[in-house]
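Undergrad:
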Amino acid sequence: MSVEHHIKLPEGSIEKTTTTLNMGPTHPATHGVFQNILELDGERIVSAEQTVGYIHRAFEKLAERRPLYQITTLTDRLNYCSSPINNMGWHLTCEKLLGVKTPKRVDYLRIIIMELSRISDHLICNSVVGVDSGAFTGFLYVMQYRELIYEIYEEICGSRLTTNIGRIGGFERNFTAAAFEKIEKFLAEYPGVLREFENLFTRNRIFMDRTIGAGPISAERALNYGFTGPNLRAAGVDYDVRVHSPYSSYEDFTFDIPVGKTGDCYDRYLVRNQEMWQSLEIIKEAYRKVQAFKGAEADVYHADAPAYYLPEKKDVYTKMEALIWHFKIVMGETEIPPGEVYYSVEGGNGELGFYLISDGGRTPYRLHFRRPCFIYYQAYSELTKGAMLSDAVIVMSSLNLIAGEMDA
Amino acid sequence: MALTNETIKERLITKFGDQLSRFEEPYGLLTFEAPRDLNLKVMQFLFDDEVLRFQFLTDLTAVHYPNLPGRELAVVYHLHNLVDNIRLRFKVFTAIAEPDIFTATQLYSSANWMERETFDFFGVNFVGHPNLKRILNVDEMEYFPMRKEFPLEDQTRIDKDDAMFGRGGTIAASRDYGEAVPDQGAPVGQAAPLNAPKPAQ
Numbered sequence: 306m307s308v309e310h311h312i313k314l315p316e317g318s319i320e321k322t323t324t325t326l327n328m329g330p331t332h333p334a335t336h337g338v339f340q341n342i343l344e345l346d347g348e349r350i351v352s353a354e355q356t357v358g359y360i361h362r363a364f365e366k367l368a369e370r371r372p373l374y375q376i377t378t379l380t381d382r383l384n385y386c387s388s389p390i391n392n393m394g395w396h397l398t399c400e401k402l403l404g405v406k407t408p409k410r411v412d413y414l415r416i417i418i419m420e421l422s423r424i425s426d427h428l429i430c431n432s433v434v435g436v437d438s439g440a441f442t443g444f445l446y447v448m449q450y451r452e453l454i455y456e457i458y459e460e461i462c463g464s465r466l467t468t469n470i471g472r473i474g475g476f477e478r479n480f481t482a483a484a485f486e487k488i489e490k491f492l493a494e495y496p497g498v499l500r501e502f503e504n505l506f507t508r509n510r511i512f513m514d515r516t517i518g519a520g521p522i523s524a525e526r527a528l529n530y531g532f533t534g535p536n537l538r539a540a541g542v543d544y545d546v547r548v549h550s551p552y553s554s555y556e557d558f559t560f561d562i563p564v565g566k567t568g569d570c571y572d573r574y575l576v577r578n579q580e581m582w583q584s585l586e587i588i589k590e591a592y593r594k595v596q597a598f599k600g601a602e603a604d605v606y607h608a609d610a611p612a613y614y615l616p617e618k619k620d621v622y623t624k625m626e627a628l629i630w631h632f633k634i635v636m637g638e639t640e641i642p643p644g645e646v647y648y649s650v651e652g653g654n655g656e657l658g659f660y661l662i663s664d665g666g667r668t669p670y671r672l673h674f675r676r677p678c679f680i681y682y683q684a685y686s687e688l689t690k691g692a693m694l695s696d697a698v699i700v701m702s703s704l705n706l707i708a709g710e711m712d713a
Numbered sequence: 004m005a006l007t008n009e010t011i012k013e014r015l016i017t018k019f020g021d022q023l024s025r026f027e028e029p030y031g032l033l034t035f036e037a038p039r040d041l042n043l044k045v046m047q048f049l050f051d052d053e054v055l056r057f058q059f060l061t062d063l064t065a066v067h068y069p070n071l072p073g074r075e076l077a078v079v080y081h082l083h084n085l086v087d088n089i090r091l092r093f094k095v096f097t098a099i100a101e102p103d104i105f106t107a108t109q110l111y112s113s114a115n116w117m118e119r120e121t122f123d124f125f126g127v128n129f130v131g132h133p134n135l136k137r138i139l140n141v142d143e144m145e146y147f148p149m150r151k152e153f154p155l156e157d158q159t160r161i162d163k164d165d166a167m168f169g170r171g172g173t174i175a176a177s178r179d180y181g182e183a184v185p186d187q188g189a190p191v192g193q194a195a196p197l198n199a200p201k202p203a204q
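Respectively, the protein sequence lines represent chains A and B. Heads up: the first sequence begins at 306 in the working numbering, then just goes up one per residue. Heads up: the second sequence begins at 4 in the working numbering, then just goes up one per residue.
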């Protein structure tokens with residue numbers, strides 16, 4: 306191996322010149338179950354080899370034996386930092402296959418939820434980059450606002466982390482007044498918190514020294530490696546699924562796509578922070594649009610698609626049609642058209658795609674998840690080559706790797 | 004001028020003639036089939052052509068069709084032209100007995116793990132791949148679990164069969180999993196048919 310050695314060994318030493326270090330599978334700095342076999346020359350990384358698959362749960366196989374609405378719970382467990390986006394992505398895929406058109410109010414409510422989860426995702430990622438560079442305060446400080454976001458989810462769907470939010474065609478129930486109150490509270494308080502969070506990090510000398518130049522990637526390499534999401538935008542490519550293939554009425558909104566330049570950890574951090582500001586604006590606009598609905602439209606929370614939308618439970622007990630549809634949907638008696646769909650949404654860490662093949666049966670013939678971080682994690686060895694060991698940790702957290710999504 | 008599906012199709016046909024087949028547009032996404040030994044040439048052409056510029060590999064996966072003899076495995080590529088913002092999908096079919104397909108890793112670094120995953124689950128042998136080994140499953144595994152002959156549920160259960168829901172006929176036939184379908188003779192706990200003679204008192 307022709308490597309420039311930084312360790313000065315005495316003449317005739319029998320010691321190895323490089324050290325092999327297993328970082329992970331369970332290591333406090335890996336934030337999930339990843340194993341990295343690092344070859345170290347002193348503190349410099351000569352090569353890194355990633356091992357994934359520790360929490361593989363065969364979602365694609367499981368999905369082949371589940372009706373469409375039962376697959377939503379599998380998507381929760383992909384990127385569990387922003388599971389509502391996964392849920393919505395799955396509903397949208399099904400709606401495309403089934404030809405269900407959702408009302409505007411549903412689209413806007415979905416956007417509120419998706420942008421909230423984007424904020425919670427970026428929030429965790431950025432504050433964890435802080436933790437890994439030695440600054441714990443930001444992490445603890447923002448945690449209560451992630452908590453508030455989770456409370457909003459809870460108000461809407463009853464659960465927090467693995468949300469299973471919404472249904473094919475809309476939401477399971479209308480947003481309650483308490484949910485809107487919490488959203489208002491979030492919109493009022495969060496900007497101040499985010500500003501303070503930025504004060505803690507953005508111009509922090511230590512943070513800048515640790516992140517600037519750590520794990521950079523050029524736009525060309527990033528594209529070749531299949532980067533999407535904030536990591537690609539940090540490298541300077543303005544690709545955003547919300548803009549390029551708008552879904553859920555994103556075309557009705559005006560927002561910027563923040564881009565970076567060098568693709569290093571600092572740019573990734575900045576892009577995520579800017580995206581949180583953009584998400585806040587989108588939520589505000591969506592909230593205004595939702596409030597502007599009057600009359601009967603103001604209570605619409607699902608599409609009129611009785612063959613696919615699971616009816617409300619109290620209707621199932623009191624109305625015959627609802628009972629029939631409930632039975633048909635649960636027993637898999639509704640017509641699922643044969644077809645092939647690829648649909649993608651802008652997930653917390655990139656383009657989350659669903660490739661669904663239906664043969665007309667009750668369950669998908671094949672379902673493949675395009676998991677963004679599985680694809681871009683390949684670049685990790687290239688990103689860390691020649692970097693210091695401590696950079697390896699920071700690069701890993703700033704890529705926003707989620708083990709659940711990677712291993713599916 | 005925005006790139007359209009027709010333009011892409013025309014350019015592909017001019018280049019490859021009738022070697023490409025089954026042009027379709029399900030849900031607006033241009034889909035076609037390429038012969039097995041041409042997959043890399045097609046991808047290279049889509050990548051290099053100054054009009055087409057499909058330079059982003061969105062997704063690579065496989066599908067198993069046990070009922071298509073000689074072309075049981077389909078490798079599916081989703082490509083994206085980020086300049087004109089248009090996607091396409093193309094498929095390459097191969098026999099399961101000889102699942103060799105050229106690797107795309109020379110063109111796309113991202114294909115590396117996607118091909119490893121496809122190998123891991125379907126056993127597609129990507130010729131020329133730098134490191135073709137299992138990625139999500141354990142190395143000791145001896146089979147390819149996403150193939151249809153590995154059913155997910157206890158096969159003695161017949162209550163979840165599509166035929167139970169008025170979905171016999173073509174669908175049941177397309178769901179024929181070949182060898183692995185068990186004989187459905189008297190699973191444990193199955194009720195006796197209604198017209199069966201009552202046991203003697």
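Note that the Cβ used here is the ideal one computed from N, Cα and C, for glycine as well.
Cα separation between residue 679 of chain A and residue 500 of chain A?
TA: 32 Å
Undergrad: Quick check on residue 538 of chain A: buried or exposed, where buried means 16 or more other Cβ atoms within 10 Å of its Cβ?
TA: buried
Undergrad: Closer than 8 Å by beta-carbon distance: list the chain B residues that pair up with residue 361 of chain A, in chain order.
TA: 139 and 140
Undergrad: Could you spell out the range, first to last residue, of the beta strand (DSSP E) harbouring residue 61 of chain B?
TA: 59-67
Undergrad: Residues of the segment 646-678 of chain A with a CB closer than 8 Å to any CB of chain B: list them in chain order, please.
TA: Of all residues in the segment 646-678 of chain A, the ones placed with a Cβ closer than 8 Å to any Cβ belonging to chain B are 646, 647, 649, 656, 658, 660, 662, 664, 665, 666, 667, 670, 671, 673 and 675, in chain order.
Undergrad: So with CB distances below 7 Å, who are the chain B contacts of residue 401 of chain A?
TA: 30
Undergrad: Let me know if residue 640 of chain A comes out buried or exposed under the rule of 16 or more other beta-carbons within 10 Å of its beta-carbon.
TA: Answer is exposed; the Cβ neighbour count stays below 16.
Undergrad: Taking 8 Å as the threshold (beta carbon to beta carbon), is residue 528 of chain A in contact with chain B?
TA: yes
Undergrad: What residues in its chain sit with their C-beta under 8 Å from that of residue 490 of chain A, if we drop five residues either side in the sequence?
TA: 453
Undergrad: If we call anything under 8 Å between Cβ atoms a contact, is residue 518 of chain A one with residue 569 of chain A?
TA: In terms of Cβ geometry, residue 518 of chain A and residue 569 of chain A form a close pair [threshold 8 Å].
Undergrad: Select from B/24, B/54, B/40 and B/85 the residue whose C-alpha is nearest the C-alpha of residue 542 of chain A.
TA: B/85
Undergrad: At the level of alpha carbons, what is the spacing between residue 374 of chain A and residue 624 of chain A?
TA: In a straight line, the C-alpha of residue 374 of chain A is about 22 Å away from that of residue 624 of chain A.
Undergrad: So, is the C-beta of residue 56 of chain B closer than 8 Å to a C-beta in chain A?
TA: Not closer than 8 Å to any Cβ of chain A, the Cβ of residue 56 of chain B fails to qualify, so no.
Undergrad: Which residues of chain A have a Cβ atom closer than 7 Å to the Cβ of residue 115 of chain B, listed in chain order?
TA: For residue 115 of chain B, the chain A residues whose Cβ falls inside 7 Å of its Cβ are 683, in order along the chain.
Undergrad: How is residue 94 of chain B classed by DSSP in three states: helix, strand or coil?
TA: In the three-state reduction of the DSSP assignment, residue 94 of chain B falls in the strand class.
Undergrad: Checking contacts by CB at 8 Å: is residue 149 of chain B closer than that to chain A?
TA: Cβ-Cβ to chain A under 8 Å: yes for residue 149 of chain B.
Undergrad: Just to confirm before moving on: does the CB-CB distance between residue 30 of chain B and residue 644 of chain A stay below 8 Å?
TA: Contact: yes.
Undergrad: Compute the Euclidean distance between the alpha carbons of residue 704 of chain A and residue 39 of chain B, then round it to the nearest angstrom.
TA: 36 Å
Undergrad: From the beta carbon of residue 370 of chain A, is the nearest beta carbon of chain B less than 8 Å away?
TA: yes
Undergrad: Verify the CB distance criterion: does residue 132 of chain B have a CB-CB separation below 8 Å to chain A?
TA: no
Undergrad: Output needed in chain order: residues of the segment 531-544 of chain A with a Cβ under 7 Å from some Cβ in chain B.
TA: 531 and 544
Undergrad: Please specify which runs of the alpha helix (DSSP H), each continuous and at least 4 residues long, are wholly inside the segment 321-345 of chain A, giving them in chain order.
TA: none
Undergrad: Please identify the residue among B/101, B/102 and B/116 whose C-alpha is closest to the C-alpha of residue 108 of chain B.
TA: If we check each option's Cα against that of residue 108 of chain B, B/116 comes out closest.
Undergrad: Starting from residue 645 of chain A, follow the beta strand (DSSP E) in both directions and report where the run begins and ends.
TA: 644-652
Undergrad: Residues bridged to residue 30 of chain B by DSSP?
TA: DSSP lists no partner for residue 30 of chain B.
Undergrad: Between the segment 690-706 of chain A and the segment 583-594 of chain A, can you find at least three pairs of beta-carbon atoms closer than 8 Å?
TA: Judged by Cβ distances under 8 Å, the segment 583-594 of chain A makes no contact with the segment 690-706 of chain A, as fewer than three pairs qualify.
Undergrad: Assuming residue 516 of chain A and residue 434 of chain A make a contact with CB atoms under 8 Å, what is their CB distance in whole Å?
TA: 7 Å
Undergrad: Classify residue 50 of chain B as helix, strand or coil using the three-state DSSP reduction.
TA: helix
Undergrad: In terms of alpha-carbon separation, which member of A/566, A/345 and A/671 lies closest to residue 353 of chain A?
TA: Of the candidates A/566, A/345 and A/671, the one whose C-alpha sits nearest the C-alpha of residue 353 of chain A is A/345.
Undergrad: Does the beta-carbon distance from residue 529 of chain A to residue 113 of chain B come in below 8 Å?
TA: yes
Undergrad: Listing by chain order, which chain A residues have their CB less than 9 Å from the CB of residue 112 of chain B?
TA: 526, 529, 530, 531, 683, 684 and 687
Undergrad: Per DSSP, which residues does residue 129 of chain B bridge with? Please list them.
TA: B/104
Undergrad: I need the straight-line Cα distance from residue 667 of chain A to residue 77 of chain B, nearest angstrom please.
TA: 22 Å
Undergrad: Is the Cβ-Cβ distance between residue 631 of chain A and residue 365 of chain A less than 8 Å?
TA: Not a contact, by the Cβ cut-off of 8 Å.
Undergrad: Name the chain B residues that come within less than 9 Å of residue 366 of chain A, Cβ to Cβ?
TA: 124, 148, 149, 153 and 155
Undergrad: Give, in chain order, every unbroken run of the alpha helix (DSSP H) that is at least 4 residues long and sits entirely within the segment 383-407 of chain A.
TA: The segment 383-407 of chain A contains these whole alpha helix (DSSP H) runs: 388-403.
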